[in-house]
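Anchor point for the sequence shown: position 377 equals 377 in full-length UniProt numbering, and the numbering is continuous, going up by one each time.
Just so you know, even glycine gets a beta-carbon here, dropped at the ideal spot from N, CA and C.
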Amino acid sequence: MKNIDNGTVENAVVVQSEYIKDDENITFKDEAVNSHEPAGIQSHVDAIEGGTIHGWAYDPERPGSRLLLQAFSGNELLGETRADKFRHDLLQAGKGDGVHAFELKIKPPGTKDATSEQFSIMLLEAETGQAIADTPMLLNYPEAISFQFHELQWGHLQGEVRGEVLDSDHLGFNLVDSNGVVIGQSGAVKKDVGVYQFNIPVPRVLCDGQLHALTVSLLGEHQAEATYVDVFPSILTPWEHLASSAKKLNYSALSRTAGYRYDSLQRQIHAHSGNGKLITDIIAAHGVVVTGYEGRKEYPVLSLPEVESPDVTIVIPVHNKFALTYHSLAALILAHNEATYEVIVVDDCSTDKTTELDKIVENVRIITNEHNLGFLRNCNKAVQEANGDFVVMLNNDTEVTSGWLDEMIDTFNRFDGVGMVGSKLIYPDGKLQEAGGIVWGNGQPWNLGNRGNSQAPEWNYARQVDYLSGASLMLPRTLWNEVNGFSDEFAPAYYEDTDLAFKIRDSGYKTVYAPYSIVVHFEGMSNGRDESQGIKKHQAINAPRFRSKWVDSYMHNGEPNFSNVSKNKDRGIAYRVLMIDHAVPRPDHDAGSYAAVQEIRMLQANGFKVSFVAENMAHMGKYTDELQKMGVECFYSPFQTSVSQVLETRGSEYDVVYITRYDVAERHLPAVKQYTRAKVLFNNADLHFLRELRAALAAGQKDLSGPLATRDRELALMRKVDGILSYNPTEHAVIMSHNLQVDNLHICPWVLDGRGHKTPYQERSGIAFLGGYRHTPNVEAVEFFVEKVMPQLRKRLPGVAFHIYGSAMPESFNKYASEDVILEGFVENLDDVFESARVMIAPLLSGAGIKGKVLEGMSAGIPQVLTPVAAEATGLTHGVSAMIVEEPLAWVEAIVEVYEDEHRWQQVSDNALTLARTNFSFDTGIKGMAKTLESIGVYAPNHKKSLIS
1 MKNIDNGTVE NAVVVQSEYI KDDENITFKD EAVNSHEPAG IQSHVDAIEG GTIHGWAYDP
61 ERPGSRLLLQ AFSGNELLGE TRADKFRHDL LQAGKGDGVH AFELKIKPPG TKDATSEQFS
121 IMLLEAETGQ AIADTPMLLN YPEAISFQFH ELQWGHLQGE VRGEVLDSDH LGFNLVDSNG
181 VVIGQSGAVK KDVGVYQFNI PVPRVLCDGQ LHALTVSLLG EHQAEATYVD VFPSILTPWE
241 HLASSAKKLN YSALSRTAGY RYDSLQRQIH AHSGNGKLIT DIIAAHGVVV TGYEGRKEYP
301 VLSLPEVESP DVTIVIPVHN KFALTYHSLA ALILAHNEAT YEVIVVDDCS TDKTTELDKI
361 VENVRIITNE HNLGFLRNCN KAVQEANGDF VVMLNNDTEV TSGWLDEMID TFNRFDGVGM
421 VGSKLIYPDG KLQEAGGIVW GNGQPWNLGN RGNSQAPEWN YARQVDYLSG ASLMLPRTLW
481 NEVNGFSDEF APAYYEDTDL AFKIRDSGYK TVYAPYSIVV HFEGMSNGRD ESQGIKKHQA
541 INAPRFRSKW VDSYMHNGEP NFSNVSKNKD RGIAYRVLMI DHAVPRPDHD AGSYAAVQEI
601 RMLQANGFKV SFVAENMAHM GKYTDELQKM GVECFYSPFQ TSVSQVLETR GSEYDVVYIT
661 RYDVAERHLP AVKQYTRAKV LFNNADLHFL RELRAALAAG QKDLSGPLAT RDRELALMRK
721 VDGILSYNPT EHAVIMSHNL QVDNLHICPW VLDGRGHKTP YQERSGIAFL GGYRHTPNVE
781 AVEFFVEKVM PQLRKRLPGV AFHIYGSAMP ESFNKYASED VILEGFVENL DDVFESARVM
841 IAPLLSGAGI KGKVLEGMSA GIPQVLTPVA AEATGLTHGV SAMIVEEPLA WVEAIVEVYE
901 DEHRWQQVSD NALTLARTNF SFDTGIKGMA KTLESIGVYA PNHKKSLIS
């Protein structure tokens, strides 16, 4: 027998290890207990590091088994994993195939013993209950340590680490690349009690202008780490010193804002390619923006768009600093927006070239003060002259980007009850300046995310905030007048924007951060940075005024704490839910994606902040963007690299975890149990084993072992969750008959807008089927219809075409293509189907769940011919709101009946639409989801406070 101790193999007798614990270090004292092969499981714990147990476990009687290990504190499961990692030394030691090592992360017990800094665990093999190696063991409770990255400067990654437990003059850090290789090291400088700064050199090979994800690890007895993601520049000189080279080849691309400028130019050229003068104006503005404001001596004439009835009035208060104002106006011209706007520049007694603005910039409205009014009164005066439905306050030290106005207006249109919207502010180097603001319980305001990564997911979803910076904010002109604009008590400036946000919320409206409205802010250029002089001194003067006025509103917001931001930055929510699915929803591709988006909305309406993670960790472009604009925090690579990492780092925040699809739940439920204390809702989407069973029977298969194995796994998983959601009552009966439990079974609401249709019967033609062909039942349906129904239908309705729509169409369909079988493929806009086809069909022979394509047909009021499988759970009735048939001849008769008889067509259409509007409304869905949540002990508040897209 060989003993494996601390990762090495030695010739020895079997040993029993007694551990001696000193802080995080464990040593083993080996004691020989038997010189013969023992019965039962052989195992060893090699080390415990940072809350992770490393070791191996092997059962000679089950040499091919990967043992499931579970860690308990009393009766509480703290973690589980399989011993399924390969180690060469285990193979050499004769431990089967060597695939018996494990790494088990431990979460602390839910109830902490106040008298001890440690907790005891037992490590057991799940099947036999046998104790593994050296148990019980004592582990330290985790310590609150947080990282804050400042910036990458002159080839060094700078930041600080905070934690009350940190008390050493010799802290160290490792810089680790994505392959786990240490590529840099640094000591730490103590800044304050529990606060240390680091300055780690970055290898030159990484300064290549590409995106990199690096991990900074704290060394020593207190273990913690954080990941930094950024583009590492090849030229480190700050852009403001290179702007004069912008006209030289490749230099303009070095600016961290170059991408925004390129996007603006591209969109403007595309939108106005036929307008030569406008394109000339845009190109001139682009040249001004690229070369910057620093050291500018020439001011070519610029031209703002001329608008009679603008959607928006942009107010820019100025006092001197003309180069900044000129740059800001050029950026407005360059940035593409669908919204129309006018610009009012309020000149507060400038003495520089600002006095010549009307000669340099065309179509700008100028208000010149006779006496100095200051920022606040300047703005209030200008709004009285505004013509737009919305008013925007914009600093003159800004550079707006493409779509910045449209995104703010979209936020008003998307959510109910919004009173004010603010932009994401970034620095010229691309770092985040502000993602909305928080006012802590002591009245101290923070710019959230300052100096962080502006692309990080935590700053890129719409959310309610305490305040929005006056550098770029929008509100309806009527509301500005209702709350009397900026409060005069804060004149001349500072805290007026924070006060305005509190006034707006006090009036019953929401204040919302819009992350896709992006504005570059040259912070401090308007009023300087010295708080002891000039207008900046009013920042300190106005602070106590604000605190006294609004103490009742902010006093419960918690104490300022970097490590607490993720739990405090969202307003208007009562709970948090993490949704886990196999991929990001793409509603224009499949019904399951449409359902996922509606379930997000229903959860939001029940008071939840929704976070979403897909197994593939992919950012899916416009689909991820849309979720974030809906107010969903999305996790994706490289910021997070796995579902388990999300659960480990953020799991403690969630009240509910919502998992869709049984195979997804099967893979991640152990980590959910390990890292969260959340209730688990499982949406089975459809009953997989029922779908497999129906498909096997339809194909005449006799061997049903596959579907039956799926059944056992699926039902076993359902017994481990708190609530089960299914779209189909038929499936409820099946689940209940096996698991003999009904109180945790719920109908998952499906939401339809009941939009109806515009195209009348006479202007329609053809039969259509809509589906995604990665789903086998849809392929079978097309094959059945073309091969069994079309030959007879051609005789009754000659010339009537069958249109096949949907994504991922298989090559096998090519053989069906003909004059009356048309392979249409993916369709982005469903109206292209529902406004042209006279009859929709769904000839499904197998499958389970509810069929989104059928429900969408109901919502559009299009008569449908369906199989019983397709009609399940829809409420549709044969001959009333649909035609439900099975045999090919019955299919032909049903299609002919609704296709040729206009009165019959209209009758079925009206009945289907009435059913959709009655049974599948959003309000009905909210109530249904609330009932499910109540069954797991979560009670919904007044949803009028929530952001519901």
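Uninterrupted alpha helix (DSSP H) stretches inside the segment 440 to 512 (no shorter than 4 residues): Entirely contained in the segment 440 to 512, the alpha helix (DSSP H) runs reaching 4 residues are, in chain order, 477 to 482, 496 to 506.
Return the CA-CA distance between Ala685 and Val734, expressed in angstroms with no decimal places. Translated into the one-based positions of the sequence shown, residue 685 becomes position 685. Translated into the one-based positions of the sequence shown, residue 734 becomes position 734. Taken atom to atom, the span from the alpha-carbon of Ala685 to that of Val734 is near 15 Å.
At which residues does the alpha helix (DSSP H) containing Val318 begin and terminate? By 1-based counting over the sequence shown, the position of residue 318 is 318. DSSP places Val318 in no alpha helix (DSSP H) but in the uninterrupted beta strand (DSSP E) bounded by 312 to 318.
Whole angstroms are fine: how far does the CA of Asn616 sit from the CA of Val9? Counting from 1 along the sequence shown, the entry for residue 9 is found at position 9. Counting from 1 along the sequence shown, the entry for residue 616 is found at position 616. Residue placement at Val9 cannot be trusted, given a pLDDT of 32 that sits under 50; the coordinates are not used to answer.
Taking buried to mean at least 16 other C-beta atoms within 10 Å of its own C-beta, is Glu900 buried or exposed? Working through the sequence shown from its first residue, we reach residue 900 at position 900. The residue in question, Glu900, is exposed, as its Cβ has fewer than 16 Cβ neighbours within 10 Å.
Scan the segment 629 to 656 and note each continuous alpha helix (DSSP H) run of 4 residues or more that stays entirely inside, going in chain order. Qualifying alpha helix (DSSP H) stretches, in chain order: 643 to 650.
Give me whichever residues DSSP pairs with Gly825 in a beta bridge. Numbered from its first residue, the sequence shown carries residue 825 at position 825. Gly825 pairs with Tyr805.
Helix or strand or just coil, what does DSSP make of Trp154? Residue mapping note: residue 154 aligns to position 154 of the sequence shown, counting from 1. Assignment of Trp154 by DSSP, reduced to helix, strand and coil, places it in the coil class.
Please state whether DSSP places Phe689 in a helix, a strand or coil. The residue labelled residue 689 in the question sits at position 689 within the sequence shown. It is helical.
Return helix, strand or coil for Glu787, following the three-state DSSP convention. Taking the first residue of the sequence shown as position 1, residue 787 is located at position 787. In the structure shown, Glu787 sits in a helix (DSSP, three-state: H, G or I).
Going by DSSP in three states, Asn683 sits in which element: helix, strand or coil? To locate residue 683, count along the sequence shown from 1; it is residue 683. Collapsing the DSSP output to three states places Asn683 in a strand.
Could you check whether Ala71 and Lys85 sit closer than 8 Å to each other, using their CB atoms as the reference points? Counting from one through the sequence shown, the residue named residue 85 turns up at place 85. Counting from one through the sequence shown, the residue named residue 71 turns up at place 71. Taking 8 Å as the Cβ cut-off, Lys85 and Ala71 do not qualify as a contacting pair.
Top-ranked residue by Cα proximity to Gly374, from Met602, Val99, Asn320, Thr710: If you number the sequence shown from 1, residue 374 lands on position 374. If we check each option's Cα against that of Gly374, Asn320 comes out closest.
Can you tell me which of Lys297, Leu797, Arg82, Glu633 puts its alpha carbon nearest to the alpha carbon of Ala671? Taking the first residue of the sequence shown as 1, we reach residue 671 at position 671. Nearest in C-alpha terms to Ala671, of all of Lys297, Leu797, Arg82, Glu633, is Arg82.
Return the CA-CA distance between Ile26 and Ser566, expressed in angstroms with no decimal places. To locate residue 26, count along the sequence shown from 1; it is residue 26. To locate residue 566, count along the sequence shown from 1; it is residue 566. Interpretation of Ile26 is limited by its pLDDT of 33, a score under 50 that renders its predicted location unreliable; no figure is taken from the coordinates.
Quick one: give me the first and last residue of the beta strand (DSSP E) that Asn363 is part of. Translated into positions along the sequence shown, residue 363 becomes position 363. Annotation for Asn363: no beta strand (DSSP E) segment contains it, and DSSP assigns it neither H nor E.
Tell me the rounded alpha-carbon separation between Glu441 and Asp59. Within the sequence shown, numbered from 1, the residue matching residue 441 stands at position 441. Within the sequence shown, numbered from 1, the residue matching residue 59 stands at position 59. Per the sequence shown, the amino acid found at residue 441 is Gly instead of Glu. Cα to Cα, the separation comes out at about 56 Å.
Tell me the DSSP bridge mates of Ala614? Within the sequence shown, residue 614 is the residue found at index 614, counting from 1. According to the DSSP secondary-structure assignment, Ala614 is paired through a beta bridge with Asp581.
Within 10 Å of its beta-carbon, does Pro791 have 16 or more other beta-carbons around it, so buried, or fewer, so exposed? Along the sequence shown, read from residue 1 onward, the residue named residue 791 stands at position 791. Counting other Cβ atoms within 10 Å of its Cβ, Pro791 stays below 16 and is therefore classed as exposed.
Report the residue ranges of all alpha helix (DSSP H) runs contained in full by the segment 863 to 907; include only those spanning at least 4 residues, in chain order. As for any alpha helix (DSSP H) of minimum length 4 sitting wholly inside the segment 863 to 907, the runs are 868 to 871, 888 to 900, ordered along the chain.
Given 8 Å, three or more beta-carbon pairs between the segment 631 to 638 and the segment 885 to 904: As far as the Cβ criterion goes, the segment 631 to 638 does not touch the segment 885 to 904, which means the pair count is below three.
Tell me the DSSP secondary structure of Pro201 in three-state form. As a first step, residue 201 must be located in the sequence shown, where it is residue number 201. Strand, per DSSP.
Contact check, Val343 vs Val364, beta carbons under 8 Å: Taking the sequence shown and counting its residues from 1, one reaches residue 343 at position 343. Taking the sequence shown and counting its residues from 1, one reaches residue 364 at position 364. With contacts defined as CB atoms closer than 8 Å, Val343 and Val364 qualify as a contacting pair.
Report back the beta-carbon spacing between Lys851 and Leu844 to the nearest angstrom; my notes put them in contact at under 8 Å. Residue numbering aside, residue 851 sits at position 851 when the sequence shown is read from its first letter. Residue numbering aside, residue 844 sits at position 844 when the sequence shown is read from its first letter. About 7 Å separates the Cβ atoms of Lys851 and Leu844, confirming a contact at the 8 Å cut-off.
Would you list the one or two residues that DSSP bridges to Glu714? Along the sequence shown, read from residue 1 onward, the residue named residue 714 stands at position 714. Bridge partners of Glu714: none, in fact.
Tell me the DSSP secondary structure of Asp347 in three-state form. Here residue 347 corresponds to residue number 347 of the sequence shown, with the count starting at 1. If DSSP states are grouped into helix, strand and coil, Asp347 belongs with the strands.
Can you give me the C-alpha to C-alpha distance between Tyr675 and Pro109, rounded to a whole angstrom? Position 675 of the sequence shown, counted from the start, is the residue given in the question as residue 675. Position 109 of the sequence shown, counted from the start, is the residue given in the question as residue 109. Just so you know, the alpha carbons of Tyr675 and Pro109 end up roughly 11 Å apart.
Using C-beta distances below 7 Å, list every residue in its chain close to Pro707, excluding the 5 sequence neighbours before and after it, in chain order. In the sequence shown, the residue the question calls residue 707 occupies position 707. So the list reads Phe689, Glu692, Leu693, Ala696, once near-sequence residues are dropped.
Status (buried if at least 16 other CB within 10 Å, exposed otherwise) for Gly403: Locating residue 403 in the sequence shown gives position 403, where the first residue counts as 1. Around the beta carbon of Gly403, a 10 Å sphere encloses 16 or more other beta carbons of the protein chains shown; the residue is thus reported as buried.
For Arg256, collect the residues of the same chain with a Cβ closer than 6 Å to its Cβ; drop the 5 residues on either side in sequence, then sort them by chain order. To locate residue 256, count along the sequence shown from 1; it is residue 256. Take Arg256, set aside five residues on each side of it, and the residues of its chain with a beta-carbon closer than 6 Å to its own are Asp429, Gly430, in chain order.
Terminal residues of the alpha helix (DSSP H) in which Lys673 lies: On the sequence shown, residue 673 is found 673 positions in, with the first residue counted as 1. Per DSSP, the continuous alpha helix (DSSP H) segment holding Lys673 begins and ends at 662 to 675.
For the beta strand (DSSP E) containing Met393, name the first residue and the last one. By 1-based counting over the sequence shown, the position of residue 393 is 393. Looking at the DSSP string, the run of the beta strand (DSSP E) that includes Met393 is 390 to 394.
Which of helix, strand or coil does DSSP assign to Asn174? By one-based count along the sequence shown, residue 174 stands at place 174. In the structure shown, Asn174 sits in a strand (DSSP, three-state: E or B).
CB of Val202 within 8 Å of CB of Gly184, strictly: Reading the sequence shown from its first residue, position 202 is the one you call residue 202. Reading the sequence shown from its first residue, position 184 is the one you call residue 184. A contact, by the Cβ cut-off of 8 Å.
Apart from the five residues on each side of it in sequence, which residues of its chain come closer than 6 Å, Cβ to Cβ, to Pro585? Counted from its first residue, the sequence shown places residue 585 at position 585. Sequence-distant partners of Pro585 (beyond 5 residues in either direction) whose C-beta falls short of 6 Å from its own C-beta, in its chain, are Ser593, Ala596, Val597.
Glu164 to Asn481 span [Cα, whole Å]: Here residue 164 refers to the residue found at position 164 of the sequence shown. Here residue 481 refers to the residue found at position 481 of the sequence shown. Cα to Cα, Glu164 sits roughly 48 Å from Asn481.
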